[in-house]
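A.B. asks:
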Amino acid sequence: TADLFPNRALDGIKLRITAGPTREAIDPVRYISNHSSGKMGFALAAAAADAGAQVTLISGPVNLATPERVSRIDVSSAQDMYDASLADLQDCDIFIACAAVADYRPSEAVTQKIKKSADTLTLTLVRNPDIVSSVANSPQRPFTVGFAAETQDVLHYARDKLQRKKLDMIIANDVANTDIGFNSDDNRVVALWNGGEHAFDTMSKAQLSRRLIALIAEHFRTERD
Ligand code: CTP
Ligand code: CA
């Protein structure tokens, strides 16, 4: 990585990354979640630490080792991830939302295990807070980067999220009919910002992360200076 970060592009910069899925409790033994592996977020955390950043990785339940020189906060629900993400935002220069946050949670997490009875069971779900949008709209607003996993009209929906959530950059990911994405070691993305975009070829999440961190560092500096 020495060639990619000749002058340690993020030396001393405080960077926060969310990664992995969240779990939304139905009862004490059951939850709603998704297939996010956390690999992309963890690879980004490793690349950012290599670039000299002080990295805090806010992770949902995943099966991955913490990268070297990264401090990790484990969370479970979207609400927990929200609380950890929004805490002490004045100590955050760059925020990268890589987590696959559950959009909804059961309206009530009952305290006893639900017993089987009728032939159908209806769960009522309520919307979770939008973490990256809350960060981007906070008074201390760090440089904020989101991800968008889409199955159709990828660039259109990604640009819409960039504007709507007031992000500085969004990384769009086509997850339709493909073996890359969620649990893969490879990924193919397009980075979008106001007034530009960059399409990356398919490459390993490790390699892609170094390229993304270099791009984020460049835009962060332009915006700050
Ligand atoms: N995100 C978040 N908090 C949420 C939901 C999403 O921080 N409650 C972040 C994700 O980490 C990602 C970005 O928002 O960086 C886009 O997530 P995505 O699921 O693609 O967008 P949504 O706004 O949830 O819209 P939809 O799922 O309907 O496409
Ligand atoms: Ca979503």
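The end of the sequence shown is residue 774 by this note's numbering, with every number in the run present. Just so you know, even glycine gets a beta-carbon here, dropped at the ideal spot from N, CA and C.
#1: Per DSSP, H705 is paired with what?
#2: Does DSSP put L593 in a helix, in a strand, or in coil?
#3: Return the chain-ordered list of same chain residues with a C-beta closer than 6 Å to the C-beta of W742, the five sequence neighbours on each side being excluded.
#4: DSSP on I680, reduced to helix/strand/coil?
#5: Assess, as a yes-or-no matter, whether the segment 575-595 is touched by the segment 745-752 under the definition of 3 or more beta carbon pairs within less than 8 Å.
#6: Mind checking who L674 pairs with in its DSSP beta bridge?
#7: In chain order, what residues place their C-beta within less than 7 Å of a heavy atom belonging to ligand 2?
#8: Report yes if the C-beta distance between G561 and G609 is below 9 Å; otherwise report no.
#9: Who are the Cβ neighbours of I649 in its own chain at under 6 Å, not counting the five residues just before and after it?
#10: If A651 sits next to N677, beta carbons under 8 Å apart, how far is it from one beta carbon to the other, in whole angstroms?
#11: Three-state secondary structure (DSSP) at H747?
#12: Check whether the segment 606-626 and the segment 563-579 touch, using three or more Cβ-Cβ pairs below 8 Å as the test.
#13: With distances taken between CB atoms, is the gap from A596 to S758 smaller than 9 Å?
#14: Give the DSSP bridge partners of Y531, in chain order.
#15: Within 10 Å of its beta-carbon, does Q701 have 16 or more other beta-carbons around it, so buried, or fewer, so exposed?
#16: What does DSSP give as the partner residues of A695 in its beta bridges?
C.D. replies: In short:
#1: Numbered from 1 along the sequence shown, position 156 holds the residue referred to as residue 705. Within the DSSP bridge table, the entry for H705 names no partner.
#2: In the sequence shown, residue 593 corresponds to position 44, counting from 1. Three-state result, L593: helix.
#3: Position 193 of the sequence shown holds residue 742. So the list reads M718, once near-sequence residues are dropped.
#4: Numbered from 1 along the sequence shown, position 131 holds the residue referred to as residue 680. Secondary structure of I680 (DSSP, three-state): helix.
#5: Touching, no, given that fewer than three Cβ pairs across the two stretches are closer than 8 Å.
#6: Within the sequence shown, residue 674 is the residue found at index 125, counting from 1. Paired residue(s): P655.
#7: In chain order, the qualifying residues are V650 and D652.
#8: One-based indexing of the sequence shown puts residue 561 at position 12. One-based indexing of the sequence shown puts residue 609 at position 60. Contact: no.
#9: Walking along the sequence shown from the start, residue 649 turns up at place 100. It should be pointed out that residue 649 corresponds to Ala in this sequence rather than to Ile. Its chain contains P570, N583 and S585 as the residues whose beta carbon lies nearer than 6 Å to that of A649, once the 5 sequence neighbours on both sides are disregarded; these appear in chain order.
#10: Here residue 651 refers to the residue found at position 102 when the sequence shown is read from its first residue. Here residue 677 refers to the residue found at position 128 when the sequence shown is read from its first residue. Cβ atoms of A651 and N677 come within 8 Å of each other, at about 6 Å.
#11: If you number the sequence shown from 1, residue 747 lands on position 198. In the structure shown, H747 sits in a strand (DSSP, three-state: E or B).
#12: At 8 Å Cβ cutoff, the stretches touch.
#13: The residue given as residue 596 occupies position 47 in the sequence shown. The residue given as residue 758 occupies position 209 in the sequence shown. By the CB criterion at 9 Å, A596 and S758 fall inside the cutoff.
#14: The chain is shown only over 550 to 774; residue 531 falls outside these bounds and no answer can be derived.
#15: Looking up residue 701 in the sequence shown gives position 152. Q701 comes out exposed.
#16: Taking the sequence shown and counting its residues from 1, one reaches residue 695 at position 146. One detail in the question is off: residue 695 reads as Gly in this sequence, not Ala. In the DSSP assignment, G695 is bridged to A646 and I719.
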